[in-house]
Amino acid sequence: MQPLKLNRIQDFRLPMAVLGAALTPEADLLVTGCMDGVYLSDMQSGESRRVAERSSYVSGVAWLLNSQQFVSAGYDGKLHWFDRVTESISREQQVHQFWSWDMALSPDQRMIASVTGQYLAGGYRYEPQPEREPSVVLLDAQTGTRLFELPHVPSVQAVCFSSDSHYVAAGNLMGEVRIWDCHTGELQANWNTEDFTSWGIIKSHSYLGGIFAMRFTPNGEQLILAGMGPMRDPMAGNGKQLWQKWNWRAEEPNKAAEINKGEAGEGLMEALAIHPTRPVFAMGGRLRGGDWNVALFHLDTGERLTTLKTGYRVTGIEFTDDGNRMLVTGTQGQPKPNKEGQWEPFGRVELYEIITG
Amino acid sequence: MASTMSQPVSPSSAYCGSPEHTFHRRMILQGVPAAGLAATSSFAGLFSVPALAEQTRKQGKKCILLWLCGAPSQFETWDPKPGTPTSGPFAAIPTSLPGIHISQLMPQCAGIMNKLGVIRSMKTEPSEHFQGIDVLTRGEKPRPPFTRPILGSVIAEQLGQLDSPVPQFVLLDPCPEGNEFKAFKAGNWAGWLGAEYGPVRAGGEYSIPNLLKPETISQLDHQDREGLRSFLSRKFANDQRSDAAAGYNAAFNRVQGLMSCAPLFDLDKLPEADRRRYGGGAFSQHALQARHLIENGSTFVMVANGMPWDNHVYQHEMHQMLVPELDNVIFQLVNDLEERGLLEDTLVIAMGEFGRTPWLNEARGRDHYPNAWSMMMAGGGIKGGVVYGSTDPLGIDVAEKHVDQRQLFATIFTALGIDPHQQYDIPDLPAFFHVEQSAEPIRELLV
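Line by line, the protein sequences are chains V and G.
Offset between the first sequence (1-based) and my numbering: plus 11.
Offset between the second sequence (1-based) and my numbering: plus 85.
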């Protein structure tokens, strides 16, 4: 495979942290879920405006109906369907009592999956309590009808669909992964990897971490997980930058590969994207130690192909449909207000051109 | 004057492991039958005349300190700022006090705000844990080479019963690696008051070696050896005028007392319904144990759990779990003490060493912030239904009624019937007072 390089071609800021983002197929318009609502941005000019406020953080967004509508999920547990033509919310639905940690739209645009769960102390060692509400909810993307309520152990922090929209996978705080058939709601696979979860040996006796992003491989045979390796002190945030690839269809799901030793720095990884045409995937997050926080990897060999050091925490990565560009979104630390009481913008949006050779 | 000269050691210092201030719950429990002492699960069982137990139980005021080490966020507890850039993701909910809102993570406390006293205008200086812990547990910055006693030691000395077999100052903290206390020696706790006012430490797997009586030694032999040790130690202390020897004697006496009341430290002996009500986490279970110890004769119980509140990363992911646990603990404690007729005489305090920043860092955490933070008190001479002081709309600074650690300690001492301006009466000690600079208590918070 020819070497890849990333060349930044766009860079602009939004007022507050970007937690979710989606490009239109033409890559001309960006919708972002931020700490203070939903923004639309012109990718050419970088001009942005807030089109919807929310009572809490917005965790995920996705385009629907040929980009005439988008849906957003938030820490208020609600989904909003927003009509671009009328510039108004066409439907609001309380899906969870607690946060929507993550939301995914099926590739056929027929289903939305949203995951929730509050981590509450269940035992002396702070094992999570059982769920108090369904942790995974599958909805009809057009009508909002609840199709399935699927059980998991809170908190469930990541969700994704297979490329054929047949399966939905969800991962939690404790590193447990469950995969269901979207048509029947039947559990297809269930396993646990403890490699993403910390139990605080020092400072805090509780669990922290878990799986923060997941994607099926294009052939649907494997599932890639992202997060951070365990830490003795969970407050340090210095676990290993980590991805793992799992053969989920095996009778006993097994780990096929993980990030190569020596290629991982430190920091939580919370974004994954599969390239539409090449055997490449991207992972990104926070740089705590090392020299990169976004990297491209070979889908088959796991080889690290190229890296970025963005200077901010990456919360989202997306390849354009033509595969020529890569969107990176995230946030810097929230600055203190200036002397005039104004807050400098700290949400980040960057677009990179992917260059071969 | 070894005890007056000792200083808090740095966190990296080696831990001495002395039985003066550490006990392993399991070992204590195992030691009881071996020692052939009374196996009793209540204070009354320690006395041959029940009336004496009742009289002792009723003496004086008591205190439970829920030590929120690491420093909780005021935005996610007592002083939410909904709809602002500093709010965080959680909403605010109304309370039983008209116009007062607290975090949605505290629905149970919201319902009993009429019983709680909250200060929203704490403003202190230290912004690092070790210094903050020192100031907020002692009420004053260090003045080397003297070591001011920690709050629990002062209260144990002022209100406790030294001849009680039940330890007067107990620290329940199962996470020894978690906070600065791991490195504390006896003198670091009680300072110039002397080792006998240091805490008995228990909780979880916190352990020291060699507390068990070896099986090869008979009970009679064990008692003879203890008698000889006691005689020689007292003789040495008298002959040499050694404070250190006196301190060790106090510690050995405490061991003997502890062995006699070991069942009080056994979580398994607490009613199952109570344990479920308090919740499963170590902090909740030890809060229940604190209530049990207070009911049975302890004067000051400090409940900690390492340093879980120091959420420089995953602020909201951790607070979503920690705050509901705290909410339930406060609710259960206050109601339990009230139902038992103990709330009037038992002060419950919930606080850390400072607050958290209004702004989020890149790791979605909040950092240390002493400029404007909150804490809570209830019962024991504190007026319920009072929210004292306020912060500005973004929670960046105190807007009115700034409270520092001296005013806070003056309020705590006064609520407990201790004169905050009393001078320590210790030979060779410079003029030190319970609270320095004649700081006045907050009258609005006192009953």
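Glycine residues also receive a C-beta, built at the ideal position from the N, C-alpha and C atoms.
Could you tell me the distance, in whole angstroms, from the CA atom of residue i to the CA atom of residue j?
i      : j      : result
L182/G : W163/G : 13 Å
S212/G : H401/G : 21 Å
R137/V : A367/G : It should be noted that the sequence gives Tyr, not Arg, for residue 137/V. Distance between the alpha carbons of Y137/V and A367/G is about 8 Å.
N304/V : G278/V : 8 Å
K226/G : Q490/G : 9 Å
S548/G : R451/G : Chain G is shown only over 86 to 532; residue 548/G falls outside these bounds and no answer can be derived.
M54/V  : N335/V : 15 Å
A448/G : P245/V : 12 Å
Q370/G : S383/G : 17 Å
E205/V : F498/G : 48 Å
M27/V  : L373/G : 42 Å
K101/V : G155/V : Before going further, note that residue 101/V is Ser rather than Lys in the sequence given. Each residue's alpha carbon lies about 11 Å from the other.
P229/G : P515/G : 12 Å
V148/V : K214/V : 35 Å
I503/G : I204/G : 21 Å
G71/V  : A32/V  : 7 Å
I197/G : T180/G : 8 Å
V126/V : I379/G : 43 Å
T342/V : S209/V : 24 Å
L411/G : H309/V : 46 Å
I270/V : K350/V : 45 Å
M239/V : G220/V : 7 Å
W277/G : I511/G : 8 Å
T312/V : P287/V : 17 Å
A120/G : G288/G : Reliability fails at A120/G, whose pLDDT of 31 lies under 50, so the model's placement of it is uncertain and no value is given.
A9/V   : H163/V : Because chain V in this structure spans residues 12 to 368, residue 9/V falls outside the shown range and cannot be described.
Q140/G : S172/G : Any reading at Q140/G must be qualified, since the residue scores a pLDDT of 49, below 50, and its modelled position is unreliable; the value itself is stated next. Answer to the nearest angstrom: the Cα atoms are 50 Å apart.
E262/G : G211/V : 10 Å
P284/G : L256/G : 6 Å
Count the other CB atoms, across all protein chains shown, that sit within 10 Å of the CB of residue i; report buried if there are 16 or more and exposed otherwise.
i      : result
D333/V : exposed
K200/G : buried
P443/G : buried
I188/G : The amino acid occupying residue 188/G in the given sequence is Ser; Ile does not appear at that position. Buried is the call here.
S56/V  : exposed
M12/V  : exposed
N265/V : exposed
I20/V  : exposed
E2/V   : No information on residue 2/V is available, as it lies outside the stretch 12 to 368 that chain V covers here.
A261/V : exposed
V532/G : exposed
G245/G : buried
E142/V : buried
E424/G : exposed
V398/G : buried
E281/G : buried
K251/V : buried
N18/V  : exposed
T228/V : buried
R157/V : exposed
D358/G : The question names Asp, yet the displayed sequence has Ala at residue 358/G. A358/G comes out exposed.
Less than 8 Å between the CB atoms is what I'm expecting for residue i and residue j, so what's the real figure, rounded?
i      : j      : result
L432/G : G465/G : 3 Å
D482/G : A156/G : No, D482/G and A156/G are not in contact; Cβ-Cβ is about 17 Å, not under 8 Å.
P165/V : P139/V : 6 Å
H216/V : C260/G : 5 Å
V388/G : I149/G : 7 Å
M242/V : Y218/V : With 8 Å as the limit, M242/V and Y218/V do not qualify as a contact, their Cβ atoms being about 11 Å apart.
V106/V : L90/V  : 5 Å
The stretch 192–199 of chain V / the stretch 232–246 of chain V touching (three or more Cβ pairs under 8 Å): no
Could you give the uninterrupted runs of the beta strand (DSSP E) lying entirely in the stretch 401–449 of chain G, keeping only those of 3 residues or more? 431–436 and 440–445
Sufficient close CB pairs (3 or more, under 8 Å) joining the stretch 121–130 of chain V to the stretch 171–178 of chain V: yes
Okay, do the stretch 262–277 of chain V and the stretch 472–479 of chain G touch, 3+ Cβ pairs below 8 Å being the bar? no
Residue ranges of each beta strand (DSSP E) within the stretch 143–202 of chain G, 3 or longer: 147–152, 177–179 and 186–188
Segment contact, 8 Å Cβ cut-off, at least three pairs: the stretch 407–427 of chain G with the stretch 231–238 of chain G: no
Does the stretch 317–334 of chain V come close enough to the stretch 280–290 of chain V that 3 or more CB-CB pairs lie under 8 Å? yes
Kindly confirm or deny that the stretch 515–530 of chain G and the stretch 255–266 of chain G touch, where touching means at least three C-beta pairs closer than 8 Å. no
The stretch 104–111 of chain V / the stretch 78–94 of chain V touching (three or more Cβ pairs under 8 Å): yes
Complete beta strand (DSSP E) runs within the stretch 299–353 of chain V (minimum length 3 residues, chain order): 305–309, 315–319, 324–330 and 336–342
Would you mind listing the alpha helix (DSSP H) stretches within the stretch 15–72 of chain V that are 4+ residues and don't spill past its ends, in chain order? none
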